[in-house]
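Read the structure below first, then the notes.
In the numbering used here, the protein residues as written are 1 to 182.
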């Protein structure tokens, strides 16, 4: 008898035992796979729980809601700051933005540059020219209004120079970008 025939005879005589052994091996492999899957599932579940719980005992959903509220508060605060900044910029347009000072000797007998003309202008070129004439026996002060860079009163040469100096120094590019929407 050949080896193949002997093997066939062995299988036919012990077929039930052989099928039981194969079924047992398959069952053992399935059991090991199920245990491995359970271990992996528990690890994933633990990682999921750690992910869902924050440091302060809040879960991920609560943390996201809390951070969303903080973000809205921050945006509201930024809008308030932008509005305040625009108001400050509007007010700055009305403050002194250009100053021109010319000192001179108004009277020959005084001997030094004690007289002066001082121009103070805002961003709209509105303001005043103040002049102080200092003499040996007396001193006089004058104020002349300025609107849009011109005075309705006659200006002396020194007052005109002070006004021109103030106009050159004005820098009113204080622009605030508009606030973005939520």
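For each residue, glycine too, the CB sits at the ideal point set by N, CA and C.
- Counting only runs that start and end inside the stretch 67-139, the beta strand (DSSP E) elements of at least 3 residues fall at 98-104, 115-121 and 127-134.
- Counting along the chain, no alpha helix (DSSP H) covers residue 148, and no H or E run does either.
- In this structure, 134 is the residue among 39, 134, 87 and 119 with its C-alpha nearest to the C-alpha of residue 106.
- Residue 1 sits in coil when the DSSP states are folded into three classes, being neither helix nor strand.
- When DSSP reads this structure, residue 52 sits in no beta bridge, so it has no partner.
- The shortest CA-to-CA distance from residue 116 to any of 165, 130, 71 and 28 is the one to 130.
- In this structure, 127 is the residue among 168, 127 and 137 with its C-alpha nearest to the C-alpha of residue 152.
- Taking C-beta atoms as the reference points, residue 97 and residue 162 fail to come closer than 8 Å.
- For residue 160, the uninterrupted alpha helix (DSSP H) segment begins and ends at 157-169.
- Relative to residue 172, the option among 91, 145, 136 and 143 whose CA is nearest is 91.
- Residue 144 holds the alpha-carbon nearest to the alpha-carbon of residue 132 among 144, 121, 79 and 150.
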